[in-house]
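Residue numbers for the sequence shown follow the UniProt record's numbering, beginning at 1 and rising by one.
Note that CB positions come from ideal geometry on N, CA and C, so glycine has one too.
To start, the structure itself, in structure tokens.
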Amino acid sequence: MSTNTQTQPLDTTIVKAGIYPAIGIARVGNSPDAFYFGPEVPDPAPAEPGFYRDEQGALKREAARFRIYGFNAAGEVVQELTAADAQIEWGVTLANTKAAWYQFQIALDIPEAATAQPSFLRNMAVADRSVLSIAPGERRISGSDQRGEGYQFASGRFMGKEVYLGELRTDAQGRLFVLGGHGKAASWNGARAITFANNEGWHDDVADGPVTATVQYNGQELTVDPAWVVVAPPNYAPQQKSVRTMWDLMRDLFVSNGTLTAPEKPSFQNDIRPIFERLSHLQWVNAGFAAAFGWGGSTPFSQPEWMKKLANPSDSLKEWRLTLYNQFRQFDRDAWAPSPWPWLYGDAMAVPAADTPRQNVELAPLQLRFLKQWAAGDFIADYDPTAVPPQRIDDVPLAAQPDTLNQAAMEFCLADAFHPGCEMTWPMRQDTMYMAPYRLAHQPKGWIEPDYGAVLTPDNISGPCGPQIAGGITRWMAVPWQTDTASCRSGYQKSYDPYLPTFWPARVPNQVMSQQAYAVVMNESLPLDDRLSAFAKRASWIRPLGNISYEQQINNMIKDIAQVGVVEVRDGPRDSAGFPATLQVEQLPQQHGERLFAAAAAGTVDEEFEDVDLSTVEKVHHLGPRRLR
Numbered sequence: 001m002s003t004n005t006q007t008q009p010l011d012t013t014i015v016k017a018g019i020y021p022a023i024g025i026a027r028v029g030n031s032p033d034a035f036y037f038g039p040e041v042p043d044p045a046p047a048e049p050g051f052y053r054d055e056q057g058a059l060k061r062e063a064a065r066f067r068i069y070g071f072n073a074a075g076e077v078v079q080e081l082t083a084a085d086a087q088i089e090w091g092v093t094l095a096n097t098k099a100a101w102y103q104f105q106i107a108l109d110i111p112e113a114a115t116a117q118p119s120f121l122r123n124m125a126v127a128d129r130s131v132l133s134i135a136p137g138e139r140r141i142s143g144s145d146q147r148g149e150g151y152q153f154a155s156g157r158f159m160g161k162e163v164y165l166g167e168l169r170t171d172a173q174g175r176l177f178v179l180g181g182h183g184k185a186a187s188w189n190g191a192r193a194i195t196f197a198n199n200e201g202w203h204d205d206v207a208d209g210p211v212t213a214t215v216q217y218n219g220q221e222l223t224v225d226p227a228w229v230v231v232a233p234p235n236y237a238p239q240q241k242s243v244r245t246m247w248d249l250m251r252d253l254f255v256s257n258g259t260l261t262a263p264e265k266p267s268f269q270n271d272i273r274p275i276f277e278r279l280s281h282l283q284w285v286n287a288g289f290a291a292a293f294g295w296g297g298s299t300p301f302s303q304p305e306w307m308k309k310l311a312n313p314s315d316s317l318k319e320w321r322l323t324l325y326n327q328f329r330q331f332d333r334d335a336w337a338p339s340p341w342p343w344l345y346g347d348a349m350a351v352p353a354a355d356t357p358r359q360n361v362e363l364a365p366l367q368l369r370f371l372k373q374w375a376a377g378d379f380i381a382d383y384d385p386t387a388v389p390p391q392r393i394d395d396v397p398l399a400a401q402p403d404t405l406n407q408a409a410m411e412f413c414l415a416d417a418f419h420p421g422c423e424m425t426w427p428m429r430q431d432t433m434y435m436a437p438y439r440l441a442h443q444p445k446g447w448i449e450p451d452y453g454a455v456l457t458p459d460n461i462s463g464p465c466g467p468q469i470a471g472g473i474t475r476w477m478a479v480p481w482q483t484d485t486a487s488c489r490s491g492y493q494k495s496y497d498p499y500l501p502t503f504w505p506a507r508v509p510n511q512v513m514s515q516q517a518y519a520v521v522m523n524e525s526l527p528l529d530d531r532l533s534a535f536a537k538r539a540s541w542i543r544p545l546g547n548i549s550y551e552q553q554i555n556n557m558i559k560d561i562a563q564v565g566v567v568e569v570r571d572g573p574r575d576s577a578g579f580p581a582t583l584q585v586e587q588l589p590q591q592h593g594e595r596l597f598a599a600a601a602a603g604t605v606d607e608e609f610e611d612v613d614l615s616t617v618e619k620v621h622h623l624g625p626r627r628l629r
């Protein structure tokens, strides 16, 4: 039972149950044994430096942990059900069907799909499509502190070769947790990867699938709302969130279809503050955001004096708020201009820019509605600079724990750009995918998916965007994911800006504070100008892959997913120079850090810039210049 002592509802009779989070996120890592649990609250405390690597510098896996809550007839939470309260048997199916699915060319639910390259089947020459799907089947587990080979997803095959996709375990309370693969990818015939998303003959070890449970409680079997688990790439910036997260996208979707109700007035603390705060926090992963929204920038929103002003509903600040609101992109007004906020590439990004507003991102309609109300002063002025959000799920009131788990899982996933995406992609904005808010619909066991033909078009997406089967979420993503991660950068048109717009800096950083720069900033014996210069300097996150050709870089990423940095929180200086109290700094495995430090000292590598020209790679050439409106 949960240790939370919140007052119980009047009716404590449990009549049904549900698994939370409704969609759990696990992440691959190349550490053989080390792992950690993914975020269970939206604002967890930062981990200690070095936490995300094992002693050898490999990346730990992120485990998705699932809990079961019992509800009364009114839908109120009565208690968390654990192995101490009930007999629980979990069932999970994982599959990776990327190589048997269709190519990614562009999101198929936007107008630009009509003129993009067709989405043919991947590996069309392979007649037996079953050999392309890694499908080890279901695993079931029950009890406390369970683990073992029998719970591993290790029997699935790709072109006859066994591929490990992860495993199930339980904790001391009998909660389920799912571990994914080890970040391995390979081609069955030894071919090199050559592009960002559709490498023929390749597979990786991400996966997804349904999470179910049978629960016997007080002698009765409860109906249990099922969940889903998605095994995604690593999180290279664990404290970062995008300006529009997957939770923002889903919340907007469910408000628009009437399954959720939005507040009449936005809360500054919960709805407005995060938008501006995230713009500032991206200073640690993109040099352009640092210059504008970071410490010492032109609009450093997260600094206390700025946040206090943003939170003030006074009519005297109404025009100031309106000018800020007007900086945010609105599709009908801004077309393909790169300058409106939030400076993120969109689903139809191309070089040179196509004549489409989806060249760059617009915030969710609900976010823009809240911002418009905020600009007019029509918001709840509940800003509390001293508030400390819950940093563990046990600190959250019991009634709020299920929704908190949902939000925490989705806020650390990206909604922009779906090109194809980081954890999930464009089908997640189709309401036909869901049985309830944040909860994916499941196809029944034994359901056989129809043949959609050799080419998937916008006219036949309703089938795969309905109730889901194992492997149905990750199949839309790049194969292997490493090639897309190594391709998603910033400032593809250097003549406009070397750093902006950008793709996924909250998960895949662009420019970071290096360990060498951090050492200078922290050295209080050095002249202040030297420390300020070091603070302003950002190193290219991709530089461990080598200042070599694009093709070599994406293949180097496949070889070692841990050689690039993890951006972690560290203490800032404590002298009177006025630096931020905490900094976010790149942490590299020792061998790579020493190599890069020596190269920088010798002048054989320029940490600041990427010399590889990406303006002609396939990722940015799905659309011709200015063809669509």
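Could you spell out where the alpha helix (DSSP H) holding residue i opens and where it closes?
i, result
"Glu411", "Gln401 to Glu411"
"Thr223", "Here Thr223 belongs to no alpha helix (DSSP H); instead the beta strand (DSSP E) covers Gln220 to Asp225."
"Asp332", "Phe331 to Asp334"
"Leu366", "Pro365 to Ala375"
"Tyr518", "Gln515 to Met522"
"Gln553", "Tyr550 to Lys559"
"Glu305", "Pro304 to Leu310"
"Tyr36", "Run containing Tyr36: none in the alpha helix (DSSP H); it sits in the beta strand (DSSP E), Phe35 to Phe37."
"Thr323", "Lys318 to Tyr325"
"Phe293", "Ala287 to Phe293"
Measuring alpha carbon to alpha carbon, tell me which residue in the options is nearest residue i.
i, options, result
"Asn235", "Ala17, Pro39 and Ala436", "Pro39"
"Lys241", "Pro44, Phe268 and Ile558", "Pro44"
"His621", "Pro9, Ala116, Pro32 and Trp101", "Ala116"
"Asn523", "Ala577, Ala436, Cys488 and Met424", "Ala577"
"Thr93", "Pro32, Asp382, Pro42 and Ser155", "Ser155"
"Asn312", "Gly297, Ala408, Ala376 and Phe328", "Ala376"
"Ala444", "Pro21, Val126, Pro210 and Gln87", "For the record, residue 444 in the displayed sequence is Pro; it is not Ala. Checked all of Pro21, Val126, Pro210 and Gln87; the closest Cα to Pro444 is Pro210."
"Asp571", "Leu583, Gly565, Val396 and Arg543", "Leu583"
"Ile110", "Phe503, Asn556 and Trp426", "Trp426"
"Arg147", "Ala125, Val255, Ser187 and Asp33", "Asp33"
"Leu545", "Ile554, Ser298 and Ala539", "Ile554"
"residue 634", "Ala534, Ala506 and Arg489", "Shown here, the chain extends from 1 to 629; a query on residue 634 therefore has no answer."
"Arg169", "Arg139, Asp529 and Phe379", "Arg139"
"Ala534", "Val585, Ile134 and Ala17", "Val585"
Do residue i and residue j have their CB atoms nearer than 7 angstroms?
i, j, result
"Gln493", "Ala287", "no"
"Thr485", "Pro233", "yes"
"Asp208", "Ile548", "no"
"Pro252", "Pro342", "In the sequence on display, residue 252 carries Asp and not Pro. Taking 7 angstroms as the Cβ cut-off, Asp252 and Pro342 do not qualify as a contacting pair."
"Asp271", "Phe412", "no"
"Pro118", "Val455", "yes"
"Asn198", "Gly471", "no"
"Cys465", "Gln515", "no"
"Arg175", "Arg27", "no"
"Tyr345", "Ala417", "yes"
"Tyr217", "Val566", "no"
"Pro467", "Pro338", "no"
"residue 633", "Ser130", "Absent from the structure is residue 633, since the part of the chain shown begins at 1 and ends at 629."
Need the endpoints of the beta strand (DSSP E) that residue i sits in, please.
i, result
"Leu176", "Leu176 to Leu179"
"Asp571", "Val566 to Asp571"
"Arg139", "Ile134 to Ser142"
"Ile68", "Arg61 to Phe71"
"Leu168", "Glu167 to Thr170"
"Ala436", "Tyr434 to Ala436"
"Val255", "Element bounds for Val255: not the beta strand (DSSP E) but the alpha helix (DSSP H), Met246 to Ser256."
Per DSSP, what are the beta-bridge partners of residue i in this structure?
i, result
"Ala232", "Arg27"
"Trp202", "Ser187"
"Ile14", "None, per the DSSP bridge assignment."
"Lys161", "Phe158"
"Phe276", "Beta-bridge pairing links Phe276 to no other residue."
"Val455", "Phe120"
"Ala539", "Val512"
"Thr214", "Glu89"
"Val479", "Asn198"
"His442", "Gln468"
"Ala207", "Val231"
Mind reading off the beta-carbon distance from residue i to residue j? Whole number of angstroms is fine, and I expect it under 8 angstroms.
i, j, result
"Arg61", "Gly29", "4 angstroms"
"Pro42", "Ala415", "Wrong, their Cβ atoms sit about 15 angstroms apart, outside the cutoff."
"Ala107", "Asn123", "Not confirmed; about 22 angstroms, so no contact."
"Gly70", "Ile14", "4 angstroms"
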